[in-house]
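Remarks on the structure that follows.
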Amino acid sequence: MLDIRMVREETERVKTLLARRGKSYDAEIDRALALDERRRALILESESNQSNQNRVSKQIPVLKKEGKDTTAVMAEMKALAEQTKLLTAELSAVEEELRDVMLGIPCVPDEGVPVGKDSEENTPIRTWGEPPAFDFAPKAHWDLGADLDIIDMPRATKVTGTRFSFMRAGGAALERALLNFCLDQNTKAGFTELMCPYMANSATLTGTGQLPKFADQMFKIEDTNYYLISTGEIPATNYYANEILDGDLLPVYHTTNTACFRSEAGAAGRDTRGLIRVHQFHKVEIVKFVRPEDSMAELETLVAQPESLLRALGLPYRVVVCCTGDMGANQAKQYDIEVWMPSYGKYVEISSCSNYVDYQARRAGIRFKREKGGKTEFVHTLNGSSLPAERAVAAILENYQNADGTVTVPEVLRPYMGGRERITKE
């Protein structure tokens, strides 16, 4: 959520930067400003009314002591009390509407973010590794998985529905090894591991920005206030919701491995085969809580973490700066890391690393004090995928496949798989 003071004091700048997202938010900004003006007027009126109440209430005991009639003063007191009740009700309604309007306005993009319509206009900034040169016809990961009997999507479709999978035998072992490797590397880099709930309530999802705008992407538990989480970012960020942190503790780093559940609304016909776009997957997430002046530098070290994992795994990748049209609604700046996928013949997103500045913190109420007794400020939050297991498994299968149909296990994962060097059909 944006700072209403910033919207009020820098209105044209805010409108101009938001328009870079490809849509005008002028109407929403104007409505927010009108509500804010009414809110401030009501606060002044309420304070004046309260002052009058205090003044009149002090007259009553004096008049009684002097034996004078208090009828008129009591009537005035009653009228002022009724006015206070009306003002309080209107102020509450205005504040609620203002919050609803502000929740619908996206984060102001950083001025350095490139302007563009979609992912085709993202800006590549660095590349690592060379795509493998096969001397045989490489297979897609879904064919490798079926041939090796390590990915079973037909049975998952029978058990649940489309866009689900069973990982079995060497495939299950590979995914488990990958998740443990990512967690170990993240904790070595200073991230504290969390084991998180896989469900969250609506207030939590509002805090990180999934609600109200992206409700169609979520799975809601019927007749409850619970949703299945779409990312570990949700519980790991809201861990500090409505708390004031000691500034001396910042920065705070979290990492978590969770199952993630996404409806993939609007994805019909896209990536219908394999593990790239599924309803349930596992992902290791990293989250940061930092001081405002440090957040852009912290973004650079954030993106370096999943990069280090991909390099250790020997997977070719590139990093792109997301343009305004491709960047998430809650982000001020976003990098995507894309891994080379031979079956696609291109780089495919495997990690998004974002700086939310104070946008999430304002929604979730996450603040800090630089010193004891000092004023409270909103932290800046950042998060990134480090790494999503299914996409990483798909990339390993495709990039490490052999002519005989087996798959070589990346060296860094072998200790997690009992020294196993190849995945074969069992």
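Numbering (the numbering used here), first residue to last: 14 to 439.
Every residue gets a Cβ at the ideal spot worked out from N, C-alpha and C, and that includes glycine.
Is residue i buried or exposed, if buried means 16 or more other CB atoms sit within 10 Å of its CB?
i, result
"Pro119", "buried"
"Ser70", "exposed"
"Ser105", "exposed"
"Tyr357", "exposed"
"Met14", "buried"
"Thr29", "exposed"
"Met208", "exposed"
"Leu288", "buried"
"Ile1", "Because the chain here runs from 14 to 439, residue 1 falls outside it and cannot be looked at."
"Ala186", "buried"
"Leu111", "buried"
"Asp131", "exposed"
"Ala374", "buried"
"Asp49", "buried"
"Gly174", "exposed"
"Glu133", "exposed"
"Glu491", "Past the boundaries of the shown model lies residue 491; the chain is included only from 14 to 439, so the question cannot be answered."
"Leu241", "buried"
"Met166", "buried"
Going by beta carbon distance, what residues of the same chain come within less than 7 Å of residue i, once the five residues before and after it are set aside?
i, result
"Asn193", "Tyr429"
"Val291", "Arg176, Phe177, Ser178 and Glu403"
"Glu277", "Arg176, Arg290 and His292"
"Ala408", "Leu328, Val352, Met354 and Ile363"
"Cys195", "Val297, Leu322, Ser399 and Leu400"
"Gln419", "The amino acid at residue 419 is misidentified as Gln; the sequence shows Thr. These residues qualify, in order along the chain: Arg435, Ile436 and Thr437."
"Ser365", "Gln347, Asp349, Gly397 and Ser398"
"Gly378", "Ala254 and Asn255"
Return the Cβ separation of residue i and residue j in integer angstroms, given the expectation that the two are a contact with Cβ distance under 8 Å.
i, j, result
"Val303", "Ile138", "About 22 Å separates the two Cβ atoms, so there is no contact after all."
"Ile436", "Val425", "15 Å between Cβ atoms; not a contact."
"Pro264", "Asp307", "7 Å"
"Thr84", "Ile73", "11 Å between Cβ atoms; not a contact."
"Leu100", "Ser59", "5 Å"
"Gly129", "Thr337", "6 Å"
"Thr394", "Ile257", "That belief does not hold up - the Cβ atoms of Thr394 and Ile257 are roughly 15 Å apart, past 8 Å."
"Val392", "Arg380", "7 Å"
"Gln230", "Ile247", "12 Å between Cβ atoms; not a contact."
Going by beta carbon distance, what residues of the same chain come within less than 6 Å of residue i, once the five residues before and after it are set aside?
i, result
"Met340", "Gln347"
"Pro355", "Pro151 and Glu411"
"Tyr372", "Cys120 and Asn343"
Among the options, which one has its Cα closest to the Cα of residue i?
i, options, result
"Glu108", "Gly203, Ala45 and Lys233", "Ala45"
"Ser367", "Leu326, Leu312, Thr173 and Ala377", "Leu312"
"Asn396", "Pro122, Lys385, Glu434 and Val300", "Val300"
"Thr237", "Thr97, Asn214 and Gly174", "Asn214"
"Arg376", "Asn62, Pro225 and Ser364", "Pro225"
"Glu89", "Leu100, Ala102, Val75 and Gln66", "Gln66"
"Asn251", "Cys273, Thr219, Ala228 and Ile234", "Thr219"
"Phe204", "Leu315, Pro167 and Val20", "Leu315"
"Asn406", "Ile234, Lys359 and Leu191", "Strictly speaking, residue 406 in this sequence is Val, with Asn absent from that position. The shortest C-alpha separation from Val406 is found at Leu191."
"Thr271", "Ala94, Met231 and Ala249", "Ala249"
"Asn255", "Phe232, Thr221, His267 and Thr285", "Thr221"
"Asn135", "Asp349, Tyr369 and Tyr372", "Asp349"
"Ala169", "Asp160, Leu161 and Met180", "Met180"
"Tyr453", "Arg51, Gly158 and Thr217", "Within the shown structure, residues of the chain are numbered from 14 to 439, placing residue 453 beyond reach of any answer."
"Glu124", "Gln223, Asp39, Met309 and Gly174", "Met309"
"Ala228", "Phe274, Pro210, Lys382 and Val126", "Phe274"
"Tyr211", "Leu76, Arg189 and Thr244", "Thr244"
"Gly35", "Pro122, His154, Lys171 and Met19", "Pro122"
"Trp155", "Pro305, Arg286 and Gln230", "Arg286"
"Val361", "Ala102, Ala54, Asp284 and Lys201", "Asp284"
"Leu157", "Phe232, Asp417, Leu262 and Gly431", "Asp417"
Among all the DSSP beta bridges, which residues are the ones paired with residue i?
i, result
"Ser398", "Glu298"
"Cys466", "Nothing can be reported for residue 466: it is not among the residues displayed for the chain, which extend from 14 to 439."
"Cys12", "Residue 12 falls outside the range modelled here, since the chain spans only 14 to 439, and no answer is possible."
"Gln8", "The chain is shown only over 14 to 439; residue 8 falls outside these bounds and no answer can be derived."
"Phe232", "Leu241"
"Glu390", "Phe381"
"Asp197", "None, per the DSSP bridge assignment."
"Arg139", "Val332"
"Gln414", "Val420"
"Val303", "His393"
"Val361", "Val352"
"Glu23", "None; Glu23 has no bridge partner."
"Arg269", "In the sequence on display, residue 269 carries Thr and not Arg. The partner list for Thr269 (beta bridge, DSSP) reads Leu207 and Glu298."
"Ile42", "DSSP output for Ile42 lists no bridge partner at all."
"Asn214", "Tyr239"
"Phe12", "Here the chain comprises residues numbered 14 to 439, so residue 12 is not present and cannot be evaluated."
"Asp259", "Lys382"
Once you ignore the five residues that flank residue i on each side, which residues in its own chain have a CB closer than 8 Å to its CB?
i, result
"Glu41", "Val114, Gly117 and Ile118"
"Glu384", "Gly260"
"Trp141", "Glu320, Leu323, Arg324, Pro329, Tyr330 and Arg331"
"Asn199", "Glu206, Thr268, Val297, Ile299, Gln318 and Ser399"
"Gly446", "Missing from the structure shown is residue 446; the chain here goes from 14 to 439 and no further."
"Ile56", "Leu104"
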